[in-house]
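To start, the structure itself, in structure tokens.
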Amino acid sequence: MCIVLSFGLVACGSTPKGSDARAYARVKDWRSVLDLRSLERQYDLPKGLLSAVMHQESGGKANARSHVGAGGLFQIMPATARSLNLDDAYRPEPAAKAAAVYLSQLYSHYHSDLKLTLAAYNWGIGNVDRYLASGASGFDDMPEETKVYISRVTKLRRFYD
């Protein structure tokens, strides 16, 4: 029995189907090669977070590049890469560690609030901080792309925990 989750994610049992199934297979391979679970433990991240972020960001394609210049498995922006001393976002091992460090920093900054952490990873920490400083509560006034991102990564985590 399959169910269609919001935003087109189809789940049949414990693995996604369709194009998500191909991404799932790639991410699952990277999860093992890069030992993402160990990075999650090392950096006190929720189980499955690195895999879910990779799935959403690049579909497990190491050479993925966005129209805004983010690159690699975790679609790290050049300025963020520099701040993390990451020379090449397209090299999977250092990119995975940098993503773990960055997500851990965000998770700590937002007091273990995973939704705000994901919002900042997608929309930028400055945007989220300004949003919160404006007195906004909840996520209704965040960009639609960010709301979809939060929802999708949250749902994808269950395939990787």
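Add 14 to the 1-based position in the sequence shown for the working numbering, that's all there is to it. Note that the Cβ used here is the ideal one computed from N, Cα and C, for glycine as well.
Same chain only: Cβ atoms within 6 Å of residue i, ignoring 5 sequence neighbours per side
i: residue 109; result: 86, 87, 88 and 103
i: residue 124; result: 130 and 131
i: residue 79; result: 85
Distance, residue j Cα to residue i Cα
i: residue 29; j: residue 65; result: 13 Å
i: residue 63; j: residue 146; result: 23 Å
i: residue 37; j: residue 139; result: 27 Å
i: residue 119; j: residue 151; result: 22 Å
i: residue 92; j: residue 32; result: 31 Å
i: residue 148; j: residue 81; result: 29 Å
i: residue 96; j: residue 144; result: 22 Å
i: residue 46; j: residue 35; result: 17 Å
i: residue 127; j: residue 156; result: 16 Å
i: residue 172; j: residue 55; result: 17 Å
Residue i and residue j closer than 9 Å at C-beta
i: residue 176; j: residue 160; result: Absent from the structure is residue 176, since the part of the chain shown begins at 15 and ends at 175.
i: residue 98; j: residue 115; result: yes
i: residue 154; j: residue 61; result: no
i: residue 74; j: residue 41; result: yes
i: residue 90; j: residue 112; result: yes
i: residue 57; j: residue 100; result: no
Whole-number beta carbon distance between residue j and residue i, since they are thought to touch under 8 Å
i: residue 106; j: residue 48; result: 6 Å
i: residue 163; j: residue 141; result: With 8 Å as the limit, residue 163 and residue 141 do not qualify as a contact, their Cβ atoms being about 13 Å apart.
i: residue 121; j: residue 59; result: 6 Å
Cβ neighbours of residue i in the same chain (closer than 8 Å, five flanking residues each side left out)
i: residue 43; result: 74
i: residue 39; result: 74
Practice task
Report yes or no: do three or more beta-carbon pairs, one from the stretch 152–171 and one from the stretch 67–87, lie closer than 8 Å?
Solution key: For the pair of segments examined, the stretch 152–171 was found to touch the stretch 67–87: the number of CB pairs separated by less than 8 Å reaches three.
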